[in-house]
Each structure stands twice: as C-alpha cells, then as structure tokens.
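**Q** Could you have a look at this structure, given as structure tokens, before my questions?
There are 2 protein chains.
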Amino acid sequence: MTEITTDLYQVKEKMYVATDCIIFGFHEGKLKLLVFKRKVEPLKGESSLIGSFVRLDEDLDVAGRRVLKEATGLENVFMQQLKSYGKKDRDPGYRCISIAQYALIRIDEYDEKLVEEHGAHWYEIDQLPNLILDHNEMVQDAMYQLKHNARYKPIGFELLPEKFTIPQLQILYEAIYQRELDARNFRKKVLSLNVLKKLDEKDKTTSKRGAFLYKFDYENYQKLLTSGYNFEIA
Amino acid sequence: MTEITTDLYQVKEKMYVATDCIIFGFHEGKLKLLVFKRKVEPLKGESSLIGSFVRLDEDLDVAGRRVLKEATGLENVFMQQLKSYGKKDRDPGYRCISIAQYALIRIDEYDEKLVEEHGAHWYEIDQLPNLILDHNEMVQDAMYQLKHNARYKPIGFELLPEKFTIPQLQILYEAIYQRELDARNFRKKVLSLNVLKKLDEKDKTTSKRGAFLYKFDYENYQKLLTSGYNFEIA
DNA sequence: GTAATAAATGTAAAATATACGCTCATTCTA
DNA sequence: TAGAATGAGCGTATATTTTACATTTATTAC
Numbered sequence: 001m002t003e004i005t006t007d008l009y010q011v012k013e014k015m016y017v018a019t020d021c022i023i024f025g026f027h028e029g030k031l032k033l034l035v036f037k038r039k040v041e042p043l044k045g046e047s048s049l050i051g052s053f054v055r056l057d058e059d060l061d062v063a064g065r066r067v068l069k070e071a072t073g074l075e076n077v078f079m080q081q082l083k084s085y086g087k088k089d090r091d092p093g094y095r096c097i098s099i100a101q102y103a104l105i106r107i108d109e110y111d112e113k114l115v116e117e118h119g120a121h122w123y124e125i126d127q128l129p130n131l132i133l134d135h136n137e138m139v140q141d142a143m144y145q146l147k148h149n150a151r152y153k154p155i156g157f158e159l160l161p162e163k164f165t166i167p168q169l170q171i172l173y174e175a176i177y178q179r180e181l182d183a184r185n186f187r188k189k190v191l192s193l194n195v196l197k198k199l200d201e202k203d204k205t206t207s208k209r210g211a212f213l214y215k216f217d218y219e220n221y222q223k224l225l226t227s228g229y230n231f232e233i234a
Numbered sequence: 001m002t003e004i005t006t007d008l009y010q011v012k013e014k015m016y017v018a019t020d021c022i023i024f025g026f027h028e029g030k031l032k033l034l035v036f037k038r039k040v041e042p043l044k045g046e047s048s049l050i051g052s053f054v055r056l057d058e059d060l061d062v063a064g065r066r067v068l069k070e071a072t073g074l075e076n077v078f079m080q081q082l083k084s085y086g087k088k089d090r091d092p093g094y095r096c097i098s099i100a101q102y103a104l105i106r107i108d109e110y111d112e113k114l115v116e117e118h119g120a121h122w123y124e125i126d127q128l129p130n131l132i133l134d135h136n137e138m139v140q141d142a143m144y145q146l147k148h149n150a151r152y153k154p155i156g157f158e159l160l161p162e163k164f165t166i167p168q169l170q171i172l173y174e175a176i177y178q179r180e181l182d183a184r185n186f187r188k189k190v191l192s193l194n195v196l197k198k199l200d201e202k203d204k205t206t207s208k209r210g211a212f213l214y215k216f217d218y219e220n221y222q223k224l225l226t227s228g229y230n231f232e233i234a
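Protein chains in written order, with the UniProt record's numbering: chain A, 1 to 234; chain B, 1 to 234.
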C-alpha cells in the first residue's frame, strides 16, 4: 500500500466525510433556499440542509450531485464547492467534516414529489428557520459567495428558466444583492455584456405590452471569456 | 452515539482527511512558493506541497496552522482555506481527501533551519517544478485565488515586512498580477484607501533619496470595513 | 377608443481610471 | 563642494464608467 500525502506525520486517523448541499432557487421574485426536516433522531424534526456521507469510491463533486439528484431529481445544474467545515466538535456524534456545495436551480424544473418525500420546504432567504449544527453558517457563507460570484460571473442565469425577460433578470439580481437596481442602467449593462440572445417571443404574464424573452448565449460567453472579457454585472 | 449529518443514506465509510499548505512568500521582488522534497517512498525525492493528515481531535484550520508551524516555525500568519480536493483516485494509495489551505508569509520571518530540515526550497512562481498528485492544480487554484483576493482585500500586506515602502508594495502587486502598474496611479490608489500609516523613517536600500516607510493600519481598516468601504486595489 | 400597465429607451452629470513628465532629496564622485 | 546620477514623489488632463433621472410605447381590458 502506498502512502503518499503526508511527509511530516505518521498519525493517520480516518474520519467521516460528508457533503451538505445549499440549494438556491428563485420563485415569484424571491430568492429561496431549500430546507429539509430531519426524519431521524437525534434532532428529529429540526430544519437542516440535505447531506450525505461521501462514499469511498465516489468523487467529492459526484457525491454532491448525487445528493442533489436524490433530493430534487435534478442533474446537470450549476453546483460549486463552497467550503469545508471541519471544527472537531461540529457534529456531536462523531468526528465528521463536511464539504458544503451550493447549487442554483430553476425552480420550475425540480421534481416536487421527490422534494416532498424528504420533507423539504422552500424558504425565502430572509425568513430562514434556524438550522442544525453549523448549517446556518454554511448558508451565510453561501449567500456571501453567491453575491460575490453573481457580480463577476453570469451565474444568475442558472436560477432562471431557459427563457427569461430582462425585468425578471433584474428582479433576480435585486434578490441576490438585496437592494434595488435602476431598470435603465441594469438593462444597459447586461445587454452590453453581449451574452444575451434576444428571441422573437414575448412573455406577457406581467404586463400587457409583454417583455421580450432572452436566452443566455453560452457560446458567446465562452468566446468572450477566453478573450479576457470583464463580466461585472449590476 | 448520535448520528447527525446525514438523512438520506446509511452508507457510512471513513476516509483519511489531509490538509496541504500552499505557502506563498515575496522576496527580491519575486512572488515565490515554498516547495518540499518528499523524504519517504513512494515518490521519494519528488517535489510536493507540505501536508499532513488531520487528526481526530483537531480543527481543520488548526491542522493547517500546525503544518505551517512545523514547516516554517511561523504562527499567526495569514492562512485561508482554498478548496477541497476529493477525486476518488487522487491519491493512489488509499482514499484520502485533502483540504488545501494557502498561507502568505513574510519571507524575512521564517525559520530557515526548520525549512531546510524539510528539504524545502523557494521557487519563483513562474518557474515551479512539477509537483506530485494534484498539487499542481492546487497551486494554480491558489494563484488564481490570490490574484482575485488581492484585488478586493488588502492581503498583499501579509507578504511584506511590517514596514514597507510604496514602491515595494507596488512591486509585490506587480508580481501577483503579473503585469506592470503605473507608479503614480498605484500610489494614488493605495493612499486613497486610508489604510497606510506613514512613518518618519526611510528605507534607503533602493535609492539615494530613500523612500518613506509605511505600516498597514489594521485599526482603520477594520473601521472602514464595517462602514462598508470598497477596497479595490490596483 | 380610452384608460391602465409595465417595457423600453437616452442623455447629462459625477466619479473613477488611465496616461503621462517634471521636480525633489539624497548620495556618490570628481 | 559642485554637480551628476538615481529612484521617490507629485499633479493634471483625458477617457471611461457609473449614476441619476423622465418620457414614450405596445398591448390589454373595459
């Protein structure tokens, strides 16, 4: 057996490695978080993020996607590592570190039944219940990260349906930044990024006139990225 | 025994948890990385980051600081979690995930003897040797993170001696960003941040006239932070 | 056909970033 | 001890970006 990672020490102790998922969604103009109810003791009935142990034959990111899929039915969504939480007594039962990963999902796409089976519930981001262990901290950190990332990468689009209007996009960014944005300036800015494809369709659910639908232009985004473009949004 | 973290699964498998340290320094106008030589098989003699298993009774960040101290003798330096590396086969010997943490140290402060004992060597950041396992990736990620962070948090100061001149600070930022900066604009910008205390001393090692020494003003920095100040540098 | 509603557009002022050249303080040496 | 040499330190003009703000337009409902 090879033993590679450490030079300094012989102290080799195994521990549990878990991953917890911070699942963001956007619905009715509100940024929301998917919160679960524990079904087993201890802390049965308490609110919590959804998580799982990482299996020995499973990549870390694969574990996150497995959890997400089992909780929501969704695959191929935006998911990114947030941070590891490794205080020695973070879990009172045994030593376990958790790598938190956060996902951005289109609420119209997830499987409600699956979610219900897990006792899940969407909460508005500023009306969250108290969560077990260090999950509150995870959510806070994820929220910070989301705000930060949304500013430089167009990840906001991951939370919207494939087709969306500029006003919808603005409301999303307002929810992320938790402040109001100027409609004219916002429109100017996002259009100037050249990553939106205007469609010939309109969405008329919010106005009589209707707002044009757009798609995110992944190809052009990639092209601009490699040419060293700056994507500061809003 | 309580079992808290997971709802979904009973699959509970322990694994090794390691931490690897990416140690940046700044010396002679160059950004450098501390690289170690493995002293044990397998891969004996290969270049590597320094790391250790995380102990069962040890917080994750404490483990990072322990490794850093044992490798360099330094405590109380800037250290921050980078990312977890968790591919199932990243270490050919056994399943082990590693949480990479990066440190910024003042090269004039570290204990050379300790470093030598570990077969360590400072490499310029653009002349690194090949490293074992996924350590190259860790360094790349850390470099990206450093560039990014240096832009919004005044972490650059962590790499300089306590007293430094503006031209020195500029050279550091040039090393981090890997491009030249305009001396007049750089000076204007950093001074406008109001986090530098000008001292009455001069450093005359690089010019006849001498350059005034400054200290980073942590107090004022904290004050400005809480008042929501924007710290974009360079 | 008119009232109502949100979508869409433009421009001027303020703030910020960039580009660029000269003087100053000090040391070295002739 | 005068003056040449060197990097430190400063200021201003221009370009770019951000902000603030008001009106018209397309469509539906009555």
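Glycine residues also receive a C-beta, built at the ideal position from the N, C-alpha and C atoms.
#1: With 8 Å set as the bound, which would you pick, yes or no: does the beta-carbon of Phe26(A) sit closer than that to a beta-carbon of chain B?
#2: Taking the Cβ atom as the reference point for each residue, do Ile125(A) and Met143(A) lie within a distance shorter than 8 Å?
#3: Closer than 6 Å by C-beta to Val77(A): which residues in its own chain qualify, once you throw out the five before and the five after it? Chain order, please.
#4: Leaving out the 5 sequence neighbours to the left and right, which residues in its chain are closer than 7 Å to Tyr221(A) when beta-carbon positions are compared?
#5: Strictly by DSSP, which residues pair up with Thr19(B)?
#6: Using three-state DSSP, classify Tyr221(A) as helix, strand or coil.
#7: Using the Cα positions of Lys197(B) and Lys208(B), report the straight-line distance between them to the nearest angstrom.
#8: Answer yes or no: does any C-beta atom of chain A fall closer than 8 Å to that of Ser84(B)?
#9: List the residues of chain A whose Cβ lies closer than 9 Å to the Cβ of Tyr102(B), in chain order.
#10: Answer with yes or no whether the minimum CB distance from Arg209(B) to chain A is below 8 Å.
#11: Does the beta-carbon of His135(A) have 16 or more other beta-carbons within 10 angstroms, so that it is buried, or is it exposed?
#12: I'd like the span of the alpha helix (DSSP H) that includes residue 244(B), first residue to last.
#13: Is there a Cβ of chain A sitting closer than 8 Å to that of Arg179(B), yes or no?
#14: Determine, using beta-carbon pairs with one atom in the segment 111-118 of chain B and one in the segment 9-20 of chain B, whether at least three such pairs fall under 8 Å.
#15: Beta-carbon of Met138(B) versus every beta-carbon of chain A: anything under 8 Å?
#16: Quick test of the definition: if touching needs 3 or more C-beta pairs under 8 Å, does the segment 40-48 of chain B touch the segment 41-54 of chain A?
#17: Among the candidates Pro92(A), Ala211(A), Ser52(A), whose CA atom is the shortest distance from the CA of Ile166(A)?
#18: With burial defined as no fewer than 16 other Cβ atoms inside 10 Å of the residue's Cβ, what is the status of Lys83(A): buried or exposed?
#19: Can you tell me whether Lys202(A) is buried or exposed? The criterion is at least 16 other CB atoms within 10 Å of its CB, across all chains shown.
#20: Answer with yes or no whether the minimum CB distance from Glu117(A) to chain B is below 8 Å.
#21: Under a three-way DSSP split, which group does Gly228(A) fall into?
#22: I'd like the span of the beta strand (DSSP E) that includes Ala175(B), first residue to last.
#23: Should Asp200(B) be labelled buried (16 or more other beta-carbon atoms within 10 Å of its own) or exposed?
#24: Applying the 10 Å Cβ sphere with the 16-neighbour rule, what's the burial state of Asp7(A)?
#25: Taking 8 Å as the limit between beta carbons, can you name the residues of its chain near Leu160(B), skipping five residues before and five after?
#26: I need the straight-line Cα distance from Ser48(B) to Leu33(B), nearest angstrom please.
#27: In whole angstroms, what separates the C-alpha of Lys88(A) from that of Pro129(B)?
#28: Just confirm the distance between the C-beta atoms of Asp111(B) and Gly86(B), as a whole number of angstroms; I'd bet it's less than 8 Å.
#29: With distances taken Cα to Cα, identify the nearest neighbour of Asp91(A) among Ser192(B), Asp59(B), Lys189(B), His121(B).
#30: Measure the C-alpha to C-alpha separation of Gln80(B) and Ala150(B) and round it to an integer number of angstroms.
#31: Are the CB atoms of His121(A) and Val35(A) nearer to each other than 8 Å?
#32: What first and last residue would you give for the alpha helix (DSSP H) that runs through Phe186(A)?
#33: DSSP three-state label for Tyr144(B), please.
#34: What does the Cβ neighbour count give for Tyr214(B), buried or exposed, with the cut at 16 atoms within 10 Å?
#35: Buried or exposed, going by whether 16 or more other CB atoms sit within 10 Å of the CB of Val11(B)?
#36: Residues bridged to His27(A) by DSSP?
**A** A quick look at the data gives this:
#1: The residue given as residue 26(A) occupies position 26 in the first sequence. False, the Cβ-Cβ gap to chain B never drops below 8 Å.
#2: The sequence position of residue 125(A) within the first sequence is 125, counting from 1. The sequence position of residue 143(A) within the first sequence is 143, counting from 1. A contact, by the Cβ cut-off of 8 Å.
#3: Position 77 of the first sequence, counted from the start, is the residue given in the question as residue 77(A). Within its own chain, the residues whose Cβ lies closer than 6 Å to the Cβ of Val77(A), once the five positions on either side in sequence are excluded, are Ala103, Ile105, listed in chain order.
#4: Residue numbering aside, residue 221(A) sits at position 221 when the first sequence is read from its first letter. Sequence-distant partners of Tyr221(A) (beyond 5 residues in either direction) whose C-beta falls short of 7 Å from its own C-beta, in its chain, are Pro154, Val195.
#5: Residue numbering aside, residue 19(B) sits at position 19 when the second sequence is read from its first letter. Here Thr19(B) is bridged, per DSSP, to Ser52(B), Ile99(B).
#6: Indexing the first sequence from 1 puts residue 221(A) at position 221. It is helical.
#7: Mapped onto the second sequence, residue 197(B) falls at position 197. Mapped onto the second sequence, residue 208(B) falls at position 208. A direct Cα-Cα distance of roughly 22 Å separates Lys197(B) from Lys208(B).
#8: Sequence index remark: in the second sequence, residue 84(B) carries index 84 (1-based). The C-beta of Ser84(B) comes closer than 8 Å to at least one C-beta of chain A.
#9: Taking the first residue of the second sequence as position 1, residue 102(B) is located at position 102. Within chain A, no residue comes near Tyr102(B); the closest Cβ sits about 14 Å away, beyond 9 Å.
#10: By one-based count along the second sequence, residue 209(B) stands at place 209. Not an interface residue.
#11: By one-based count along the first sequence, residue 135(A) stands at place 135. Of the other Cβ atoms in all chains shown, 16 or more fall within 10 Å of the Cβ of His135(A); this residue is therefore buried.
#12: Coverage of chain B is limited to positions 1 through 234, which leaves residue 244(B) absent and any answer about it impossible.
#13: Taking the second sequence and counting its residues from 1, one reaches residue 179(B) at position 179. Under the 8 Å criterion on CB atoms, Arg179(B) is classed as non-interfacial with respect to chain A.
#14: Judged by Cβ distances under 8 Å, the segment 111-118 of chain B makes no contact with the segment 9-20 of chain B, as fewer than three pairs qualify.
#15: The count along the second sequence starts at 1 and reaches residue 138(B) at position 138. Met138(B) does not count as touching chain A.
#16: As far as the Cβ criterion goes, the segment 40-48 of chain B does not touch the segment 41-54 of chain A, which means the pair count is below three.
#17: Counting from one through the first sequence, the residue named residue 166(A) turns up at place 166. Checking every option, the nearest Cα to that of Ile166(A) belongs to Ala211(A).
#18: By 1-based counting over the first sequence, the position of residue 83(A) is 83. That one is buried.
#19: Numbered from 1 along the first sequence, position 202 holds the residue referred to as residue 202(A). Classification of Lys202(A): exposed, given that the 10 Å Cβ count is below 16.
#20: Taking the first sequence and counting its residues from 1, the one referred to as residue 117(A) is at position 117. So no, Glu117(A) is outside the interface.
#21: The residue you call residue 228(A) lines up with position 228 of the first sequence. Three-state result, Gly228(A): coil.
#22: Counting from one through the second sequence, the residue named residue 175(B) turns up at place 175. Boundaries around Ala175(B) are those of the alpha helix (DSSP H), 166-177, since no beta strand (DSSP E) includes it.
#23: One-based indexing of the second sequence puts residue 200(B) at position 200. By the 10 Å Cβ count, Asp200(B) comes out exposed.
#24: Taking the first sequence and counting its residues from 1, one reaches residue 7(A) at position 7. Low per-residue confidence applies at Asp7(A): pLDDT is 48, beneath 50, and the placement is therefore not dependable, though the value from the model is reported in the following sentence. Looking at its Cβ environment, which holds 16 or more other Cβ atoms inside 10 Å, Asp7(A) is buried.
#25: If you number the second sequence from 1, residue 160(B) lands on position 160. The beta carbon of Leu160(B) is closer than 8 Å to those of Phe26, Arg106, Gln168, Leu169, Leu172 in its chain, skipping five residues each way along the sequence.
#26: Position 48 of the second sequence, counted from the start, is the residue given in the question as residue 48(B). Position 33 of the second sequence, counted from the start, is the residue given in the question as residue 33(B). CA-to-CA, the gap between Ser48(B) and Leu33(B) works out to about 11 Å.
#27: Locating residue 88(A) in the first sequence gives position 88, where the first residue counts as 1. Locating residue 129(B) in the second sequence gives position 129, where the first residue counts as 1. Rounded to the nearest angstrom, the two C-alpha atoms are 35 Å apart.
#28: Working through the second sequence from its first residue, we reach residue 111(B) at position 111. Working through the second sequence from its first residue, we reach residue 86(B) at position 86. In fact, because the Cβ distance is near 32 Å, the residues do not count as touching under 8 Å.
#29: In the first sequence, residue 91(A) corresponds to position 91, counting from 1. Considering only alpha carbons, the answer is Asp59(B).
#30: Numbered from its first residue, the second sequence carries residue 80(B) at position 80. Numbered from its first residue, the second sequence carries residue 150(B) at position 150. Their Cα atoms are separated by approximately 13 Å.
#31: The residue labelled residue 121(A) in the question sits at position 121 within the first sequence. The residue labelled residue 35(A) in the question sits at position 35 within the first sequence. Yes; because the gap between Cβ atoms is below 8 Å, this pair is in contact.
#32: Within the first sequence, the letter at position 186 stands for residue 186(A). Looking at the DSSP string, the run of the alpha helix (DSSP H) that includes Phe186(A) is 183-192.
#33: Counting from one through the second sequence, the residue named residue 144(B) turns up at place 144. Helix at Tyr144(B).
#34: The residue you call residue 214(B) lines up with position 214 of the second sequence. Flag for Tyr214(B) reads buried.
#35: The residue you call residue 11(B) lines up with position 11 of the second sequence. Its Cβ having fewer than 16 others within 10 Å, Val11(B) is exposed.
#36: In the first sequence, the residue the question calls residue 27(A) occupies position 27. Paired residues: Lys30(A).
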